[in-house]
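First up is the structure itself, then whatever we jot down about it.
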Amino acid sequence: MAIENSSASKDLFRHYGIFLSFLIVIFGILFGMSILNKKFYSNGIKEEIQKVLNQQENAKYIIGKELKITSGIVNSAVLFELSSSESAEKYYALMLRTPTYYGPMPAVFIYNKNSGAKFAGYASLKGKVKLLLEENPNDVRITYWISKIPKIVDSAKKMEDK
Numbered sequence: 002m003a004i005e006n007s008s009a010s011k012d013l014f015r016h017y018g019i020f021l022s023f024l025i026v027i028f029g030i031l032f033g034m035s036i037l038n039k040k041f042y043s044n045g046i047k048e049e050i051q052k053v054l055n056q057q058e059n060a061k062y063i064i065g066k067e068l069k070i071t072s073g074i075v076n077s078a079v080l081f082e083l084s085s086s087e088s089a090e091k092y093y094a095l096m097l098r099t100p101t102y103y104g105p106m107p108a109v110f111i112y113n114k115n116s117g118a119k120f121a122g123y124a125s126l127k128g129k130v131k132l133l134l135e136e137n138p139n140d141v142r143i144t145y146w147i148s149k150i151p152k153i154v155d156s157a158k159k160m161e162d163k
C-alpha cells in the first residue's frame, strides 16, 4: 500500500512539475515579448512625432531620448528631449491623447522653459479631419494641455535628475 501511494505521489508531482514548467515558459515568453514590444512602440512614437515636427517646424528639431513622466496629471503621454538646429536651449516634445470632436487624437506639443508650450499638430492624422482640427488652434482642450505641460515636463526632469 505504501509503495502504491509513493508511486501515485511521484506521478502527481511529475504532472504538477510539467504544468508549472509550462506556465513558467509561457510567462517568460510573454515577458520577453512585452519588453521587445516596448522598444518598437517607443520607436514608432518617435517616428510619428518626427513627422509632425518635420511638417510643422521645417525639420529644425531632432528627437533625443525618452523621459519618464511621473506626473499624475496625465497617464497617456510620452515625453522626448529635442535638439534644435537653431538654438542650444533645451526643448521637449510631448505627445498625448487629447479629446476632440472626432474622438481621442494624439496631439504633439513642443515645450521650452523660456518660450513655453506650443501646439505642433496631430500625429497619424490626414485629410479633411486634420484640416478641421488644426483650423482651430485656440481650442479649449489644446489650451488646457498647454497650461499643464510645464508641470508635466518639470516632474519628468526632476525624476531624470535623481
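Heads up, the sequence shown is in the working numbering, so the first residue is 2 and it goes up one at a time.
Even for Gly, the Cβ is constructed at its ideal location relative to N, Cα and C.
These numbers were taken from a predicted model, which means no experiment stands behind them.
Inter-residue distance for residue 120 and residue 108 is about 8 Å (C-alpha atoms, whole angstroms). In this structure residue 112 is in contact with residue 154, their Cβ atoms being roughly 5 Å apart against a cut-off of 8 Å. Within the model, the alpha-carbon separation for residue 68 versus residue 9 is close to 56 Å. In this chain, the beta strand (DSSP E) harbouring residue 119 covers 117-123. C-alpha of residue 100 to C-alpha of residue 29: approximately 37 Å in a straight line. The three-state reading of DSSP puts residue 86 in coil, since its state is none of H, G, I, E or B.
A check of alpha carbon separations from residue 47 across 136, 80 and 91 identifies 80 as the nearest. Residue 118 holds the alpha-carbon nearest to the alpha-carbon of residue 145 among 62, 118 and 129.
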